[in-house]
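Chains as they are written, first to last, in full-length UniProt numbering: chain A, 1 to 290; chain B, 1 to 361.
Think of the CB as a built atom: it goes at the ideal place given N, C-alpha and C, for glycine as much as any other residue.
Right, one structure below, let's go through it.
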Amino acid sequence: MDKSWNNRAWFLVLPVLLLVAFSAVIPLMTVVNYSVQDTFGNNEFFWAGLEWFEETITSERIHAALGRQVLFTAIILAIEVPLGIFVALNMPKKGFWASLCLILMAMPLLIPFNVVGTIWQIFGRVDIGLLGRTLTAMGIDYNYTSDWLDAWVTVIVMDVWHWTSLVALLCYAGLQSIPEAYYQAAKIDQASRWAVFRYIELPKMRGVLLIAVLLRFMDSFMIYTEPFVVTGGGPGNSTTFLSIDLVKMAIGQFDLGPAAAFSIIYFLVILLVSWVFYTVMTNLDREDRP
Amino acid sequence: MARITLSNLAHSYLPKPRGEADFALKEMDHVWQDGGAYALLGASGCGKTTLLNIISGLLRPSRGRVLFGERDVTDAPTAERNIAQVFQFPVVYDTMTVRENLAFPLRNRGRDAAYVEARVGQIARMIGMEGALDTRARGLTADAKQKISLGRGMVREDVNAILFDEPLTVIDPHMKWELRTQLKRLHREFGHTMIYVTHDQTEALTFADKVVVMHEGRVVQTGTPEELFETPGHTFVGYFIGSPGMNLFEAEVSGDMARVMGHPVPLGATYPPTGGRVQIGVRPEFVSLADAGLPVTIRRIEDVGRHRILRGEVFGQPVNLLLPEDRPAATGSAFLQLAPEKINVYSDDWRVQPVGARRAA
């Protein structure tokens with residue numbers, strides 16, 4: 001087919017360019033702008049160069065927050081992914097109970113983040129919360145406002161409660177796409193339950209698992225609302241994850257320059273890890289092909 | 001290896017079947033002799049796959065028993081039955097290599113490595129995949145995947161039976177011939193009972209010693225290809241086997257004479273008086289044009305190479321006949337002669353057994 005060359009066609013891209021500019025590029029550039037300047041109020045700004053970036057990279061406070069963040073993400077991935085797979089494997093495949101399970105599983109995903117936080121904040125309180133009171137009554141010394149381990153456990157259980165459904169639903173969709181003949185063939189071949197999982201179910205879930213892990217990684221790495229509502233980052237700094245630290249800097253202390261530099265580095269870290277993760281997974285996939 | 005007996009077997013997919021119509025398999029008794037090569041032939045949805053899955057234990061029949069030899073296996077799980085089954089669409093274990101795929105059924109049964117290696121090599125040779133043993137199964141073509149499925153079905157030597165569920169649907173035509181020949185050879189060599197499900201009559205007739213024809217959840221006839229051709233036990237067999245299928249005419253039959261709309265048609269034998277809807281059936285091969293006989297209107301002549309097919313109507317009922325290449329023919333009115341010994345009589349679709357030879361004329 002002959003295509004005519006007309007440079008005016010570029011104008012057709014203009015609307016999307018404007019849209020992206022206003023919704024993403026300009027706000028991001030504002031952040032970049034702040035990250036290289038300093039201010040002492042009065043709307044006066046001074047060139048600061050890479051000072052804030054250096055400060056961010058060398059800040060021990062931020063290092064600690066990053067460490068907590070990595071640990072948190074690692075723990076919830078290590079719980080939610082296997083648990084999600086396990087739940088998906090045990091969900092009914094069709095009929096009334098399948099629909100009921102789907103609805104129940106979708107429920108936590110529909111609850112707004114701050115509501116989830118509030119639910120667990122109240123649930124865990126030792127004075128009025130069902131969980132807190134029950135644990136105390138059982139003689140367990142539980143208090144998420146004073147004990148860092150209790151705070152961590154609460155935040156992790158809350159995240160598992162909130163997000164395991166997502167992994168389970170994605171895996172369930174992957175499992176549903178396996179034709180019955182595969183299970184029949186496995187029976188004929190006398191495959192064990194483990195072999196069925198290892199050689200049929202897991203390979204077929206691989207694509208959706210990739211998405212699930214990626215989504216859970218990004219989301220948990222950016223987590224803010226729920227722990228903030230429950231613990232406010234405490235006790236001390238023990239549940240201050242990257243976002244919470246960032247917001248404290250930007251809005252609490254109004255340190256716009258350092259916060260902007262922090263934001264950019266934070267964004268690049270997530271981007272980098274997601275990219276590496278995605279590339280590795282898709283390459284593994286490709287190596288399988290002859 | 002063992003004889004497989006289905007006794008009073010019936011199956012319904014509904015938990016509480018009410019009428020006969022709710023049954024995917026109507027009540028049947030059937031014996032698969034040890035070492036037989038059977039084809040299970042029938043239109044799509046007639047219950048072939050259901051029957052196969054009952055034999056392999058993937059389905060538990062609603063009624064009746066399944067016996068392997070003398071042993072009742074109705075409630076035995078698939079793994080205990082030692083059956084191999086190949087499905088219509090390729091099933092391969094994606095993450096395994098071709099070699100691992102073929103070895104899988106043997107390894108699961110704990111066979112030693114040397115035996116597995118030798119057997120896998122043998123099967124790979126048979127399906128022509130020796131060169132690809134170490135590639136992963138994931139990226140292979142549907143053809144190759146189905147060959148692996150076939151190979152996995154044949155890799156065990158001690159199976160009670162090998163069941164094939166339309167295994168060559170996705171295979172290239174030239175490969176079909178080759179694989180079918182391989183299966184035949186395998187059968188001769190090892191003598192496994194083989195049941196081969198298909199809706200393709202050529203496939204059934206070339207593969208099997210005995211063809212079992214199913215129709216609407218029933219076995220309507222079991223026989224050699226010749227028997228199915230010469231004396232179809234049910235009008236469905238007549239229609240389904242042969243190309244084109246058997247011609248059927250509404251008729252009245254008394255003794256050795258049938259009347260089609262009043263026109264006399266002599267029969268090759270004497271038949272008892274029968275009730276119900278009576279039809280006479282004769283294959284297109286045994287119908288010829290003549291100067292007198294049944295009046296026919298020829299509508300179309302199709303040249304299919306070795307012969308021509310004439311399509312026409314006798315009193316509004318469609319009729320086909322085969323004509324040698326060299327015989328002249330034209331559309332329009334003509335007369336038909338039916339070879340008397342080749343005519344079968346049907347009452348309510350089932351063949352009527354003649355009581356005696358034709359009286360001397």
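Around the beta-carbon of A:L271, fewer than 16 other beta-carbon atoms lie within 10 Å, marking it exposed.
Excluding the 5 residues flanking it on each side, A:V229 has same chain C-beta neighbours closer than 7 Å at N114, G117, T118, Q121, in chain order. For a Cβ distance threshold of 8 Å, nothing in chain A lies close to B:F236: the least Cβ distance comes to about 28 Å. Within 7 Å of the CB of A:K187, the CB atoms of chain B belong to L58, T78, A79, in sequence order along the chain. A direct Cα-to-Cα measurement between A:M105 and B:E27 gives close to 44 Å. B:H11 is positioned such that its CB atom lies closer than 8 Å to that of B:I54. Taking each of A:A261, A:I223, A:I264, A:F254 in turn and checking the Cα distance to A:I244, the smallest one comes out for A:I223.
As the crow flies, the alpha-carbon of A:A173 is around 11 Å from that of A:I85. Each of B:V98, B:G255, B:P340, B:H30 was checked against the Cα of B:S7, and the nearest Cα belongs to B:H30. For B:Y196, the enclosing beta strand (DSSP E) begins and ends at 193-198.
Secondary-structure assignment with DSSP links B:S7 through a beta bridge to B:R65. For the pair of segments examined, the segment 84-92 of chain B was found to touch the segment 143-150 of chain B: the number of CB pairs separated by less than 8 Å reaches three.
Secondary structure at A:T39: strand, using DSSP grouped into helix, strand and coil. Uninterrupted alpha helix (DSSP H) stretches at least 4 residues long and entirely within the segment 182-249 of chain A occur at 193-196, 202-221, 225-230, 242-247, given in chain order.
If you draw a 10 Å sphere on the C-beta of A:T279, you find fewer than 16 other C-beta atoms in it, and that means exposed. Against chain A, a Cβ distance below 8 Å from B:Q85 picks out Q184, A185, I188. In the structure shown, the three-state DSSP call for A:M105 is helix.
In this structure, the alpha-carbon of B:G276 lies about 38 Å from that of B:F164.
Between the segment 183-193 of chain B and the segment 15-26 of chain B there are fewer than three inter-stretch CB-CB distances shorter than 8 Å, so the stretches are not counted as touching.
For B:P266, the secondary structure class from DSSP, reduced to helix, strand or coil, is strand. With its beta carbon less than 8 Å from one in chain A, B:T95 belongs to the interface. In this structure, A:Q176 and B:L58 do not form a Cβ contact; the two beta carbons are roughly 19 Å apart against a cut-off of 8 Å. For A:A181, the nearest CB of chain B lies under 8 Å from its own CB, placing it at the interface with that chain.
Contact between B:M214 and B:K48 holds, since their C-beta atoms are separated by about 6 Å, short of 8 Å. Taking every protein chain shown into account, the CB of B:Q33 has fewer than 16 other CB atoms within 10 angstroms, so this residue is exposed. Look at A:Q253 here: in three-state DSSP terms it is coil, with no helix or strand label. Annotation for B:H215: the continuous beta strand (DSSP E) segment containing it runs 210-215. Per DSSP, reduced to three states, the secondary structure at B:S333 is strand.
If you ignore the 5 residues before and after B:A208, its C-beta comes within less than 7 Å of the C-beta of A37, Y38, A39, Y196, all in its own chain and listed in chain order. Taking C-alpha positions only, A:L109 is separated from A:I156 by approximately 16 Å. Against A:P203, the close residues of chain B are D94, T95, in the order they occur along the chain (beta-carbon pairs closer than 7 Å). Contact fails between the segment 82-101 of chain A and the segment 258-275 of chain A, because fewer than three Cβ pairs, one in each stretch, are under 8 Å apart.
Counting only runs that start and end inside the segment 136-206 of chain B, the alpha helix (DSSP H) elements of at least 4 residues fall at 142-154, 173-190. According to DSSP, B:N247 shares a beta bridge with B:V282. Per the DSSP secondary-structure output, A:F123 pairs with nothing in a beta bridge.
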